[in-house]
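Residue numbers (the numbering used here): 503 to 756. To start, the structure under review is shown below, and the notes come after it.
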């Protein structure tokens, strides 16, 4: 039987701002990427999101980004490799303590937004991200694009890596994604769900420009702030189960 992990970016509310639909999404996913305060999230939101994930039996992951609250971490920043390492260590450490207080472990790490994209393309930054994660806990699973610098460097360093595809974002021929979103609501949930099934079972996806790309989907992201995200998640779970795909925690795959 095919297996796949479903992940979602969470804990991205802060202060008076509420983003995403965390509790509803927890019903469908197996891994939660929890914001650590630099691009979104705050101490109270981090604590509540860790507790919520524990309640639903969802694996906890750190979701560190550039120090860019105004840009939601989607703006590229010029940083040294050491600065990137420090950002990852600082944010992961904060989440680790909330996890420890809740008596759960951090299972994975998935950098956010522009930091994630930069690491996938820049070997020096990829190495910095991986070294920081390894220094905190060498057993932490890192999420990465197919054919990315993070994937290649993680394999060299012996760091566990889960290859990720996206349910609600457009892919490129290289296996990457188009970072900028138009924010449009999904019109056909079943069509998007079948796209996920094809990525998992056939390792294929149609790109943003109509080409066919090869991918490996060990974990699939569903963004909680995508309009209609809970309905999309429900459709994906139904389609995967109907096509003999088991939805499991990422540690059962990597």
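Idealized CB from N, CA, C, for every residue including glycine.
With respect to the 8 Å criterion, residue 673 and residue 717 are classified as neighbours on the basis of their beta carbons. Assignment of beta-bridge partners to residue 725 by DSSP yields no partner.
The beta carbon of residue 614 is closer than 6 Å to those of 541, 565, 567 and 575 in its chain, skipping five residues each way along the sequence.
Annotated as distal: residue 535 and residue 587, with beta-carbon spacing of 8 Å or more. The alpha helix (DSSP H) runs lying completely inside the stretch 655 to 743 and spanning 4 residues or more are 691 to 704, given in chain order. Residues 672, 673, 674, 675 and 715 of the same chain have their beta carbon placed closer than 8 Å to that of residue 709, with the five preceding and five following residues left out of the count. Runs of the alpha helix (DSSP H) lying entirely within the stretch 569 to 606 and spanning at least 4 residues, in chain order: 583 to 603.
If you look at residue 618, you'll find it in the alpha helix (DSSP H) that goes 615 to 623. Nearest C-alpha to residue 592 among 530, 577, 623 and 539: 539. For the pair residue 666 and residue 646, the CB atoms are nearer than the 8 Å cut-off. Sequence-distant Cβ neighbours of residue 628 in its own chain, meaning closer than 6 Å and more than five residues away, are 621, 651, 652 and 655.
In the DSSP assignment, residue 505 falls outside any alpha helix (DSSP H) and within the unbroken beta strand (DSSP E) covering 504 to 512. Residue 541 sits in coil when the DSSP states are folded into three classes, being neither helix nor strand.
Counting the other CB atoms within 10 Å of its CB gives residue 537 a total of 16 or more, which places it among the buried residues. Counting the other CB atoms within 10 Å of its CB gives residue 570 a total of 16 or more, which places it among the buried residues.
Counting the other Cβ atoms within 10 Å of the Cβ of residue 719 gives 16 or more, which makes it buried.
One thing to note: residue 506 has its Cβ within 8 Å of the Cβ of residue 747. Under the three-state reduction of DSSP output, residue 558 falls in the helix class.
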